[in-house]
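Student: The structure under discussion is supplied below as structure tokens; questions concerning it will follow.
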Amino acid sequence: MGEALALASALCFGATHFLNGLLARRADSAAVALTGQLGGTALMLALAPLAAAPHITPAALGWGALSGLGTGLGVAFLYRGMSGGRFSVVVPLSDVAAVALPVLIGVALLGDRPTWPAWTGIAAAPPALWLISRSARADASPGAAAPRGRGVVASGACDGLVAGVGFAAQFVALAQADAAAGLWPLAVSRAVSVLALVPPVARRPRAPRMPGRLAWACAGVGALGTVAITLYVLAAREQLMSLAVVLTALYPAIPVLLGVTVLRERLTRAQAAGLACAGAAIALISLA
Numbered sequence: 001m002g003e004a005l006a007l008a009s010a011l012c013f014g015a016t017h018f019l020n021g022l023l024a025r026r027a028d029s030a031a032v033a034l035t036g037q038l039g040g041t042a043l044m045l046a047l048a049p050l051a052a053a054p055h056i057t058p059a060a061l062g063w064g065a066l067s068g069l070g071t072g073l074g075v076a077f078l079y080r081g082m083s084g085g086r087f088s089v090v091v092p093l094s095d096v097a098a099v100a101l102p103v104l105i106g107v108a109l110l111g112d113r114p115t116w117p118a119w120t121g122i123a124a125a126p127p128a129l130w131l132i133s134r135s136a137r138a139d140a141s142p143g144a145a146a147p148r149g150r151g152v153v154a155s156g157a158c159d160g161l162v163a164g165v166g167f168a169a170q171f172v173a174l175a176q177a178d179a180a181a182g183l184w185p186l187a188v189s190r191a192v193s194v195l196a197l198v199p200p201v202a203r204r205p206r207a208p209r210m211p212g213r214l215a216w217a218c219a220g221v222g223a224l225g226t227v228a229i230t231l232y233v234l235a236a237r238e239q240l241m242s243l244a245v246v247l248t249a250l251y252p253a254i255p256v257l258l259g260v261t262v263l264r265e266r267l268t269r270a271q272a273a274g275l276a277c278a279g280a281a282i283a284l285i286s287l288a
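Numbering-wise (UniProt numbering), the sequence shown opens with residue 1 and increments by one.
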């Protein structure tokens with residue numbers, strides 16, 4: 001049951017990030033992220049009272065708040081990267097970081113003991129990150145030539161890495177929240193993620209404007225993202241956190257596939273090799 005929940009979470013996450021990436025190309029990325037989190041928060045506040053919560057503790061709500069900070073950081077940088085960079089670069093970079101860091105935290109702090117194939121997957125992550133973040137000369141600014149024999153950092157790569165750190169914090173923190181608190185840690189997480197996204201929007205020189213139809217679309221996609229994280233929490237309660245994280249982290253297959261097929265994005269050979277390496281790393285880490 002836990003595996004099915006995690007894979008369903010991956011499907012919802014993939015659809016959420018792809019749709020929000022498209023929306024971030026039509027409006028300010030920070031505003032898209034904030035509006036989406038508002039929609040997700042509204043949905044969770046409606047659902048939380050309906051779920052059993054026999055024992056709500058400050059610790060459980062604190063873990064929810066910490067995860068919300070990670071969510072806010074993750075979505076802000078992910079959508080900023082996707083608004084100007086390649087879906088097939090930004091999303092896998094955030095994914096590998098979001099998988100490897102929870103596994104390492106589980107080993108160092110939570111007593112997890114990965115098998116040797118899982119350690120091999122962790123070791124494969126850095127070269128995957130390097131390959132995916134390299135871009136051919138065609139990715140450089142028009143009229144600018146890349147140094148001979150060298151690539152340049154692909155557009156959005158740094159944003160993808162920072163987003164991955166935020167998502168790792170989200171996954172680890174939510175997995176620590178007591179199941180007896182029901183969905184209230186998630187409700188706190190959504191609310192805190194909104195607060196975390198307010199400063200990036202407020203720092204804009206001009207208040208970002210968003211047509212009503214676009215705002216409703218962002219809110220709807222944000223609600224889908226809340227469904228995704230709820231499915232992850234339920235999966236983590238059924239099995240080891242590391243396994244739930246890895247299965248959930250399969251979501252880049254959806255936006256990458258759509259980015260290549262629907263948006264006609266092209267990958268360099270190095271990036272294709274990096275994606276293959278990332279896939280191998282995720283598969284090996286899942287053996288933890």
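Even glycine gets a Cβ: it sits at the ideal position worked out from N, Cα and C.
Are there three or more Cβ pairs, one per stretch, closer than 8 Å when the stretch 6-17 is compared with the stretch 53-66?
Tutor: Counting Cβ pairs under 8 Å, fewer than three are found: no touch.
Student: Whole beta strand (DSSP E) runs in the stretch 170-238 with 3 or more residues, listed along the chain?
Tutor: Segments of the beta strand (DSSP E) lying fully in the stretch 170-238: there are none.
Student: For the alpha helix (DSSP H) holding S35, just list the boundary residues, first then last.
Tutor: Taking the sequence shown and counting its residues from 1, one reaches residue 35 at position 35. It should be noted that the sequence gives Thr, not Ser, for residue 35. Looking at the DSSP string, the run of the alpha helix (DSSP H) that includes T35 is 29-47.
Student: Would the beta-carbon of P92 fall within 8 Å of that of A168?
Tutor: Position 92 of the sequence shown, counting from 1, holds the residue named residue 92. Position 168 of the sequence shown, counting from 1, holds the residue named residue 168. Not in contact: P92 and A168 (Cβ atoms no closer than 8 Å).
Student: Check the C-beta distance from L34 over to V194 and give it rounded, since I have them as a contact under 8 Å.
Tutor: Position 34 of the sequence shown, counting from 1, holds the residue named residue 34. Position 194 of the sequence shown, counting from 1, holds the residue named residue 194. 7 Å between Cβ atoms; contact.
Student: What residues in its chain sit with their C-beta under 6 Å from that of W184, if we drop five residues either side in the sequence?
Tutor: As a first step, residue 184 must be located in the sequence shown, where it is residue number 184. If we look at W184 and ignore the five residues flanking it on each side, its Cβ neighbours are A48, A53, I56.
Student: Classify A283 as helix, strand or coil using the three-state DSSP reduction.
Tutor: Within the sequence shown, residue 283 is the residue found at index 283, counting from 1. Reduced to three states, the DSSP call for A283 is helix.
Student: Quick check on this structure: which residue in R237, F77, A215 has the alpha carbon closest to the alpha carbon of C158?
Tutor: On the sequence shown, residue 158 is found 158 positions in, with the first residue counted as 1. When each option's Cα is compared against that of C158, the closest is F77.
Student: Would you say G164 and A97 are within 8 Å of each other, going by their C-beta atoms?
Tutor: Stepping through the sequence shown from its first residue, residue 164 is reached at position 164. Stepping through the sequence shown from its first residue, residue 97 is reached at position 97. Yes, the Cβ-Cβ distance between G164 and A97 is below 8 Å.
Student: Evaluate T115 with the Cβ neighbour count: other Cβ atoms within 10 Å of its Cβ, from every protein chain shown; 16 or more gives buried, anything less gives exposed.
Tutor: Start at 1 with the first residue of the sequence shown, and residue 115 comes out as number 115. So T115 counts as exposed.
Student: Quick one: residues in its chain with C-beta nearer than 7 Å to the C-beta of A4, no 5 flanking neighbours on either side, listed in chain order?
Tutor: Locating residue 4 in the sequence shown gives position 4, where the first residue counts as 1. Answer for A4: no residue qualifies.
Student: In terms of residue numbering, what span does the alpha helix (DSSP H) encompassing L7 cover?
Tutor: Numbered from 1 along the sequence shown, position 7 holds the residue referred to as residue 7. Per DSSP, L7 belongs to the alpha helix (DSSP H) from 2-24.
Student: In angstroms with no decimal places, state the Cα-to-Cα distance between A278 and A196.
Tutor: Along the sequence shown, one-based indexing puts residue 278 at 278. Along the sequence shown, one-based indexing puts residue 196 at 196. Approximately 29 Å, taken between the alpha carbons.
Student: Quick check on this structure: which residue in G274, A128, T226 has the alpha carbon closest to the alpha carbon of Q170?
Tutor: On the sequence shown, residue 170 is found 170 positions in, with the first residue counted as 1. Of the candidates G274, A128, T226, the one whose C-alpha sits nearest the C-alpha of Q170 is T226.
Student: Just tell me which of S29, P127, D178 has its CA closest to the CA of A276.
Tutor: Position 276 of the sequence shown, counting from 1, holds the residue named residue 276. Checked all of S29, P127, D178; the closest Cα to A276 is P127.
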